[in-house]
Structure formats: structure tokens, C-alpha cells
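Chemist: Just so we're aligned: the sequence shown equals residues 4 to 411 in our numbering.
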Amino acid sequence: MARPLKICVCGGGNGAQVMAGLASSREDTEVNVLTLFKDEAERWSKAIENKDMVIKVNNKDGSITEVKSKPAVVSKDPSVVVPGSDILILIVPAFAHEEYFKAIAPHIDKKSVIVGLPGQPGFEYQCMSILGEISVQITIMSFETLPWACRITEFGLSVDVLGTKKFLAGSILRGKAIPRKPPLMSLQVLHGFEPSLQQTKHFLVILFMSYSFVHPAILYGRWKNWDKKPLDEAPLFYQGIDEETATLLETCSKEFLDVAHGITAKHPEVDLSELLDIYNWYLTYYKEDIEDSTNLYNAIRTNKSYKGLVHPMTKEKGKFVPDFKSRYLTEDIPMGMVVFKGVSEIVGIETPMNDMLLEWGQEKIGKKYLVDGKLTGPDVKDTRCPQTYGLTTLEEVLSGRKAEENAA
Ligand code: NAI
């Protein structure tokens, strides 16, 4: 009998619980969970001691499918759940990736596949740097986002899938060893029919397609001239943008494409043709949700899937003030905009509007990355830009490895 597909889900939040539940329900699959955060492993193990998890999937036709299943083992000890895993799927916010890479490093083997779901910019650079020698052998995959909008309703036991993406792009950076199971096909089986997983031609496509300027630009648009007076209610986030913000998004998107073109001009063999400008990306990804697609401004304001989403705010004496320490800045800047800036510096293409946003955002989160337009600030070392890992040439950016490793 063929050996079952062995999965290790890394994380304990909304997405990790959906993945663990869905994957466990598939035939010939053994699913274990590694969760390092606080007492999550203990709580989750206890919750499923005598019960199955219930994953409630809201389907597009309004019906609900209930999947009942549970992972074999949930542990905070990597030596228990990592060895022998064919695929390790990291489903945690990007700031937690480092801890997981360090925990799994001694227990993976050269045929392992490591998946970032989502990976977020710099995933490959950080993974290879922490895993060291074995990273030349393993396969690294990075997806653009989570396949589902999902929320835990009862920790470890019950989770709602509010919506499922129709398709999801992911990259595969192959190492020297051949994985025990075909990675993309295996992941597709775990997910089921949707989303349809689509492989990009280069891992940089996923880095660029994170469009990490979007959240900072919307925050900038709303709060740049804020008079510091608390508000009675939180303003709409996407659906509340003005035309000036839409123009800023278009300009930042054009700078992303300029950098991509700068790369392909020097390396025509690198295929980044799948990259879309932000307007066409919205039209492609939210086709059925957009009521007025005449331009980017209307497309964002009339995107039904953004209904009710408001700016991150904190409440003070019954009134609302913006929360600049939300993940929209604290994650999207060091794990997004700075990574892009690092790549554009190496390519040698100027990105003035992204720089302007970065300067504004870094001040809001109390960090210093850009100094006089260059990534020389003291906090650059805490970001996932290529320079953090000693990658300084375009060839190194494209391969994710240092020149001497590429030559070996
Ligand atoms: P989540 O917010 O549920 O993640 C929390 C989990 O992360 C915790 O349960 C813990 O396991 C881990 N964690 C938190 N702080 C930690 C720390 N200091 N050290 C170690 N681990 C820590 O995340 P969720 O919702 O599962 O999302 C995962 C990723 O997918 C995020 O990047 C999120 O932005 C993205 N995403 C989520 C969507 C959703 O509907 N939940 C939709 C689209 C993207």
C-alpha cells in the first residue's frame, strides 16, 4: 500500500484550523499540527480529545457543507510532528515565520516541501537563510494569500469558512531533491475543488503581487491630513477611498511594474509576464463582486466583498482614533514594502511614490528603514528585504541564494 501523504500544519489560528480540519478529512493523508504559540497545542489537543472538529464551509450557492474530522497529533514539540512530513504548511502571520523556520530546521529532510500560505514578500529569502545548507535541496512554495476568509468560532473545535477564493496563485522554488509527492497536485487534493491552484512562472511574481502598498496607501489617503480629532465611528476602509487615493494606488502599481520591467530587461529569461497592474488585478480577482468596473476608484468602492470593512481604530472615551500599529503597517511595511524597495534598489529603478508612502508609514510605526531615500536605516535588519540576508546582486535576488551558493 502506498505511504499516506504526511502533512504538518504550522500554526494555530483561523487558517491553520481550517487547513488541519479539511486536510484530515482527505483519504490517505496523515495530518499533524505544530503550534508554538502559548498554550495553543494543549488547548487544541484537549478540545479534540473526544470530538471531531467541525469546519462549516459557506458555499457560493448559499448552502453550507459541514466537514467533520481532526488532525492526528497537535503539539508544540517539532520533534514529535515534523519528522517524515512531506509537506509543511505555514499558516501564520509573516512575523511568526522566523520562529517556525527555526523550530522545523533540525527535523526536515531534503525531500520536504515548505509552503507559505500565504508566504508574503521575502518568505523564500528568510526560509533559505534560516534553513541553511538543506535549503539547497528542499522545495519552497509561496501563495499570494489564504484560500479562505475564515474565523474560529470555538477554539480547536469549530471554524467557519465564510468564503473560498476561486483561484490562488503560488510559486514553486525547486531545490535539488525531488519531493516525495508532487507538491502542487498534493496541495490541490487537500483543498478540494476550490480554489484552483495556479503556479506562477517565477517566485518574484508572488512577491510583487502582494501589492504591499495597498493598505499603507489607503491609510495615508484617509489620515495624512487628519486633524487629530477623534471620530464618532470608524470610516470604511476600501469602500471609503477617495479619487486621490485611487490615483496613488495606480502610481505605486506602475512603479512595481517598472521594477519588474527593469528585471526582465536585464534578464529576459525571467518570466514576470503574469504580473498585472492593480486595476486589472482587481478586475481579475474580484470579477463577480465589483458592481462598477469603469475605473480603479469605482471598482474598489463598489467591491461587495469589502462591504463593512473599516479602518483599524482604537476606542478612546467612546470615540475612535486610527490604530497605526495594526498589521496593515507593522506587517505590510517590513514584510512587504521594504522587501520591494530592497529589490528595486538592487535593480536600480527609482520608486518615488512607494518611497513617500514608506517614509510616512515608518514614522507612524516608529521605525527607520529609509534614510534619504536609501535602505540604510537601523531597522532594515528586522525586515525580509534581500539585503538582510546578504543578497545584493540581481542574480542573488532572482535565485534567493548568495553567489557562492549558486556556484556550488
Ligand atoms: P490568525 O490571526 O488567526 O493567526 C493567529 C495565530 O498566529 C495564533 O493563533 C498563533 O498560532 C499564531 N501567532 C500569533 N502570534 C504569534 C507569536 N507571537 N508567535 C507565534 N505564533 C503566533 O491568522 P489567520 O487568520 O489564520 O491568517 C493567517 C495569515 O493569512 C495572515 O497573514 C493573514 O493576514 C492572512 N489572511 C487571513 C485571512 C482570514 O480570513 N483569516 C484572509 C486572508 C489572508
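Ideal placement from N, C-alpha and C gives every residue a C-beta, glycine not left out.
Quick check on T156: does DSSP put it in helix, strand or coil?
Modeler: Taking the first residue of the sequence shown as 1, we reach residue 156 at position 153. Strand, per DSSP.
Chemist: Assess, as a yes-or-no matter, whether the region 107 to 118 is touched by the region 84 to 96 under the definition of 3 or more beta carbon pairs within less than 8 Å.
Modeler: Short answer: they touch.
Chemist: Starting from A410, trace the alpha helix (DSSP H) in both directions and tell me its first and last residue.
Modeler: Here the question's residue 410 lines up with position 407 in the sequence shown. First-last of the alpha helix (DSSP H) with A410: 406 to 410.
Chemist: Using the C-alpha atoms, what's the distance from Q140 back to G311?
Modeler: Numbered from 1 along the sequence shown, position 308 holds the residue referred to as residue 311. Numbered from 1 along the sequence shown, position 137 holds the residue referred to as residue 140. Using only the alpha carbons, I get a separation of about 45 Å.
Chemist: What three-state label does DSSP hand I349 in the structure shown?
Modeler: Stepping through the sequence shown from its first residue, residue 349 is reached at position 346. In this structure, I349 counts as helix in the three-state DSSP scheme.
Chemist: Taking the C-alpha atoms as reference points, what is the distance between G265 and T142?
Modeler: To locate residue 265, count along the sequence shown from 1; it is residue 262. To locate residue 142, count along the sequence shown from 1; it is residue 139. Distance between the alpha carbons of G265 and T142 is about 27 Å.
Chemist: Thinking C-beta only, is P337 closer than 8 Å to D375?
Modeler: Along the sequence shown, read from residue 1 onward, the residue named residue 375 stands at position 372. Along the sequence shown, read from residue 1 onward, the residue named residue 337 stands at position 334. No, they are not a contact pair.
Chemist: Where D245 and K328 are concerned, what is the direct C-alpha to C-alpha distance, given to the nearest angstrom?
Modeler: Taking the sequence shown and counting its residues from 1, one reaches residue 245 at position 242. Taking the sequence shown and counting its residues from 1, one reaches residue 328 at position 325. Spanning the two alpha carbons is a distance of roughly 23 Å.
Chemist: With respect to 7 Å, is the separation between the Cβ of I143 and the closest non-hydrogen atom of the ligand NAI below this value?
Modeler: The residue you call residue 143 lines up with position 140 of the sequence shown. Flag unset: Cβ of I143 not near the ligand NAI.
Chemist: Any chance you could list the alpha helix (DSSP H) runs of at least 4 consecutive residues sitting entirely within the region 143 to 212, in chain order?
Modeler: Listed in chain order, the complete alpha helix (DSSP H) runs (minimum 4 residues) inside the region 143 to 212 are 186 to 194, 206 to 212.
Chemist: So F40 is in the alpha helix (DSSP H); what residue range does that whole segment cover?
Modeler: Stepping through the sequence shown from its first residue, residue 40 is reached at position 37. Here F40 belongs to no alpha helix (DSSP H), and DSSP marks it neither H nor E.
Chemist: Shortest alpha-carbon distance to E253 belongs to which of A302, E272, W226?
Modeler: To locate residue 253, count along the sequence shown from 1; it is residue 250. It is A302.
Chemist: Starting from K9 and walking both ways along the beta strand (DSSP E), at which residues does that stretch end?
Modeler: By one-based count along the sequence shown, residue 9 stands at place 6. First-last of the beta strand (DSSP E) with K9: 8 to 13.
Chemist: Hey, P74 and A23 are a contact pair by Cβ (cut 8 Å); roughly how many whole angstroms apart?
Modeler: Start at 1 with the first residue of the sequence shown, and residue 74 comes out as number 71. Start at 1 with the first residue of the sequence shown, and residue 23 comes out as number 20. Right, the Cβ-Cβ distance comes to about 5 Å (below 8 Å), so this counts as a contact.
Chemist: Assuming contact is defined by CB atoms lying nearer than 8 Å, are A26 and V34 in contact in what I supplied?
Modeler: For this step, residue 26 is matched to residue 23 along the sequence shown. For this step, residue 34 is matched to residue 31 along the sequence shown. A contact, by the Cβ cut-off of 8 Å.
Chemist: Give the DSSP bridge partners of V313, in chain order.
Modeler: Position 310 of the sequence shown holds residue 313. Beta-bridge pairing links V313 to L239.
Chemist: Could you check which residue in R183, L187, N17, L171 has the C-alpha nearest to that of S199?
Modeler: Here residue 199 corresponds to residue number 196 of the sequence shown, with the count starting at 1. Nearest of R183, L187, N17, L171 to S199, Cα basis: L171.
Chemist: In angstroms with no decimal places, state the Cα-to-Cα distance between E347 and W229.
Modeler: Your numbering for residue 347 matches position 344 in the sequence shown. Your numbering for residue 229 matches position 226 in the sequence shown. Sequence inspection shows Ser at residue 347; the Glu mentioned does not correspond to that position. Rounded to whole angstroms, S347 to W229 spans 31 Å at the Cα level.
Chemist: Relative to the C-alpha of W151, which residue among S138, G166, G159 is closest?
Modeler: Counted from its first residue, the sequence shown places residue 151 at position 148. Among S138, G166, G159, the Cα nearest to that of W151 is on G166.
Chemist: Between the alpha carbons of G15 and E408, how many angstroms are there, rounded?
Modeler: Here residue 15 refers to the residue found at position 12 when the sequence shown is read from its first residue. Here residue 408 refers to the residue found at position 405 when the sequence shown is read from its first residue. Their Cα atoms are separated by approximately 34 Å.
Chemist: Among T156, I133, K63, which has the Cα closest to the Cα of E102?
Modeler: Locating residue 102 in the sequence shown gives position 99, counting from the first residue. Ranking T156, I133, K63 by Cα distance to E102 puts I133 first.
Chemist: Check each candidate in M212, P124, P81 and name the one with the smallest Cα separation from C255.
Modeler: One-based indexing of the sequence shown puts residue 255 at position 252. The shortest Cα separation from C255 among M212, P124, P81 belongs to M212.
Chemist: Verify the contact flag: W151, CB atom, against every heavy atom of the ligand NAI, threshold strictly below 7 Å.
Modeler: Sequence index remark: in the sequence shown, residue 151 carries index 148 (1-based). Yes, the beta carbon of W151 sits closer than 7 Å to at least one heavy atom of the ligand NAI.
Chemist: Just list the residues that DSSP pairs M56 with in beta bridges.
Modeler: As a first step, residue 56 is located in the sequence shown; it is residue number 53 there, counting from the start. The partner list for M56 (beta bridge, DSSP) reads S72.
Chemist: Is T156 a contact residue of the ligand NAI, with contact defined as CB to any heavy atom under 7 Å?
Modeler: Taking the first residue of the sequence shown as 1, we reach residue 156 at position 153. No, the beta carbon of T156 sits no closer than 7 Å to any heavy atom of the ligand NAI.
Chemist: Note the first and the last residue of the continuous beta strand (DSSP E) segment covering P325.
Modeler: Taking the first residue of the sequence shown as 1, we reach residue 325 at position 322. Residues 322 to 325.
Chemist: Within 10 angstroms of the Cβ of P81, are there 16 or more other Cβ atoms? Answer buried if so, exposed if not.
Modeler: As a first step, residue 81 must be located in the sequence shown, where it is residue number 78. With 16 or more Cβ atoms within 10 Å of its Cβ, P81 is classed as buried.
Chemist: Suppose the cutoff is 7 Å on Cβ atoms and the five residues either side in sequence are ignored; what does the same chain contact list for N62 look like?
Modeler: For the purposes of this step, residue 62 is taken as residue 59 along the sequence shown, with counting starting at 1. The residues are T68.
Chemist: Pop quiz: Y309 and Q202 are said to be a contact at Cβ under 8 Å. What is the actual Cβ separation, rounded to whole angstroms?
Modeler: Walking along the sequence shown from the start, residue 309 turns up at place 306. Walking along the sequence shown from the start, residue 202 turns up at place 199. Actually they do not touch by this definition, with Cβ atoms about 28 Å apart.
Chemist: Skipping 5 residues on each side, what residues in its chain have a beta carbon closer than 6 Å to that of F40?
Modeler: Your numbering for residue 40 matches position 37 in the sequence shown. If we look at F40 and ignore the five residues flanking it on each side, its Cβ neighbours are G15.
Chemist: In chain order, what residues of the same chain lie with their CB nearer than 7 Å to the CB of R304, ignoring the 5 residues before and after it?
Modeler: Walking along the sequence shown from the start, residue 304 turns up at place 301. Excluding positions up to five away in sequence, the list reads Q242, I244.
Chemist: Which of helix, strand or coil does DSSP assign to I51?
Modeler: The count along the sequence shown starts at 1 and reaches residue 51 at position 48. Coil, per DSSP.
Chemist: Which residue wins for smallest C-alpha separation from E258, given the options L275, D280, H270, P271?
Modeler: Translated into the one-based positions of the sequence shown, residue 258 becomes position 255. Comparing Cα-Cα distances from E258 to each of L275, D280, H270, P271, the minimum goes to D280.
Chemist: Taking all protein chains shown into account, do 16 or more other C-beta atoms lie within 10 angstroms of the C-beta of R404, making it buried, or fewer, making it exposed?
Modeler: Indexing the sequence shown from 1 puts residue 404 at position 401. Classification of R404: buried, given that the 10 Å Cβ count is 16 or more.
Chemist: So, for V262: in the same chain, excluding its five sequence neighbours on each side, which residues have a beta-carbon less than 6 Å away from its beta-carbon?
Modeler: Within the sequence shown, numbered from 1, the residue matching residue 262 stands at position 259. Here the set comprises S347, V350, I352.
Chemist: How many whole angstroms separate the CB atoms of L160 and V70, which I take to be in contact at a CB cut-off of 8 Å?
Modeler: The residue you call residue 160 lines up with position 157 of the sequence shown. The residue you call residue 70 lines up with position 67 of the sequence shown. Wrong, their Cβ atoms sit about 13 Å apart, outside the cutoff.
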